[in-house]
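Peer 1: Supplied in structure tokens, the structure appears directly below.
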Amino acid sequence: MKRIILVIAATFAISAANAQIENLGVRLFGGDNLGGELSAQWGMGSNRLETDFGWTFGDNFGAVSFSGIWQWKGEIGSGFGWFAGPGVSAGLWFYDSDADDDGGLNVAIAGQAGVEYNFDAIPLQLSVDVRPSFSLIPGTDFHWGGIALGVRYRF
Numbered sequence: 039m040k041r042i043i044l045v046i047a048a049t050f051a052i053s054a055a056n057a058q059i060e061n062l063g064v065r066l067f068g069g070d071n072l073g074g075e076l077s078a079q080w081g082m083g084s085n086r087l088e089t090d091f092g093w094t095f096g097d098n099f100g101a102v103s104f105s106g107i108w109q110w111k112g113e114i115g116s117g118f119g120w121f122a123g124p125g126v127s128a129g130l131w132f133y134d135s136d137a138d139d140d141g142g143l144n145v146a147i148a149g150q151a152g153v154e155y156n157f158d159a160i161p162l163q164l165s166v167d168v169r170p171s172f173s174l175i176p177g178t179d180f181h182w183g184g185i186a187l188g189v190r191y192r193f
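Residue numbers (my numbering): 39 to 193.
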């Protein structure tokens with residue numbers, strides 16, 4: 039398992055070394071837990087890498103995380119586009135309680151799919167997406183991820 043995670047991380051690192059930033063902003067999400075991410079999208083030809091540093095909070099719960107998602111993207115027309123792809127996420131989570139299991143490391147395989155709109159008149163991108171994930175550490179568990187709104191400045 040560690041080898042798989044290292045291979046995926048190395049692939050992202052090598053790809054990012056040849057990338058140029060396209061969009062920079064935030065990705066906000068809600069549901070059972072509220073949170074947000076500082077989000078950067080790195081252009082790589084007709085595809086891109088999205089990297090996000092995030093925070094999540096809820097009732098007696100909190101987390102910080104880092105995600106890297108490879109995205110294939112395409113045009114729908116009139117400024118609209120789609121994107122989808124696989125990635126990884128790692129973070130630290132904690133509960134504000136007296137429970138024995140009060141926090142730790144989380145590593146997950148994630149996917150992301152959504153639509154975006156790029157304005158012509160101003161350098162702004164809006165997106166709506168979902169990012170389900172399957173936790174590998176500390177144990178296996180599926181998380182729906184909820185719906186997120188992205189607001190990014192286009193370079």
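All C-beta atoms, glycine included, are put in the ideal place defined by N, C-alpha and C.
(1) Should ASN98 be labelled buried (16 or more other beta-carbon atoms within 10 Å of its own) or exposed?
(2) Identify whether ASN98 lies in helix, strand or coil by the three-state DSSP scheme.
(3) Just to confirm before moving on: does the CB-CB distance between PRO161 and TYR133 stay below 8 angstroms?
(4) Let me check one thing: in DSSP terms, what residues is LEU76 bridge-paired to?
(5) Take GLU60 and list the residues in its own chain whose beta-carbon comes closer than 8 angstroms to its own, dropping the five residues that flank it on each side.
(6) Tell whether a beta-carbon distance below 8 angstroms holds between GLY188 and SER77.
(7) What are the boundary residues of the beta strand (DSSP E) that includes TRP182?
(8) Assuming PHE67 and ALA186 are in contact, meaning their beta carbons sit under 8 angstroms apart, how far apart are those beta carbons, in whole angstroms?
(9) Output needed for THR178: all residues of its chain with C-beta closer than 8 angstroms, excluding positions within five of it in sequence on either side, in chain order.
(10) Between which two residues does the beta strand (DSSP E) containing ASN71 stretch?
(11) Please classify ALA148: does DSSP put it in a helix, a strand, or coil?
(12) Near GLY106, which residues of its chain fall below 7 angstroms by C-beta distance, leaving aside the five closest residues on each side in sequence?
Peer 2: Result, derived from the coordinates:
(1) Position 60 of the sequence shown, counting from 1, holds the residue named residue 98. By the neighbour-count rule (16 or more Cβ atoms within 10 Å), ASN98 is not buried but exposed.
(2) Translated into positions along the sequence shown, residue 98 becomes position 60. Coil at ASN98, not helix or strand.
(3) Reading the sequence shown from its first residue, position 123 is the one you call residue 161. Reading the sequence shown from its first residue, position 95 is the one you call residue 133. Not closer than 8 angstroms, so no.
(4) In the sequence shown, residue 76 corresponds to position 38, counting from 1. DSSP lists VAL64, PHE91 as partners of LEU76.
(5) In the sequence shown, the residue the question calls residue 60 occupies position 22. GLN79, TRP80, GLY81, ARG86, ARG192, PHE193, listed in sequence order.
(6) Walking along the sequence shown from the start, residue 188 turns up at place 150. Walking along the sequence shown from the start, residue 77 turns up at place 39. Taking 8 angstroms as the Cβ cut-off, GLY188 and SER77 qualify as a contacting pair.
(7) Your numbering for residue 182 matches position 144 in the sequence shown. Where TRP182 is concerned, there is no enclosing beta strand (DSSP E), given that its DSSP letter is neither H nor E.
(8) On the sequence shown, position 29 is the one that residue 67 refers to. On the sequence shown, position 148 is the one that residue 186 refers to. Confirmed, about 4 angstroms.
(9) One-based indexing of the sequence shown puts residue 178 at position 140. Around THR178: PHE172.
(10) Walking along the sequence shown from the start, residue 71 turns up at place 33. Counting along the chain, ASN71 falls outside any beta strand (DSSP E), and DSSP gives it neither H nor E.
(11) Counted from its first residue, the sequence shown places residue 148 at position 110. The answer is strand: DSSP assigns ALA148 an E or B state.
(12) Numbered from its first residue, the sequence shown carries residue 106 at position 68. Taken in chain order, the residues that qualify are PHE50, LEU87, THR89, GLY125, VAL126.
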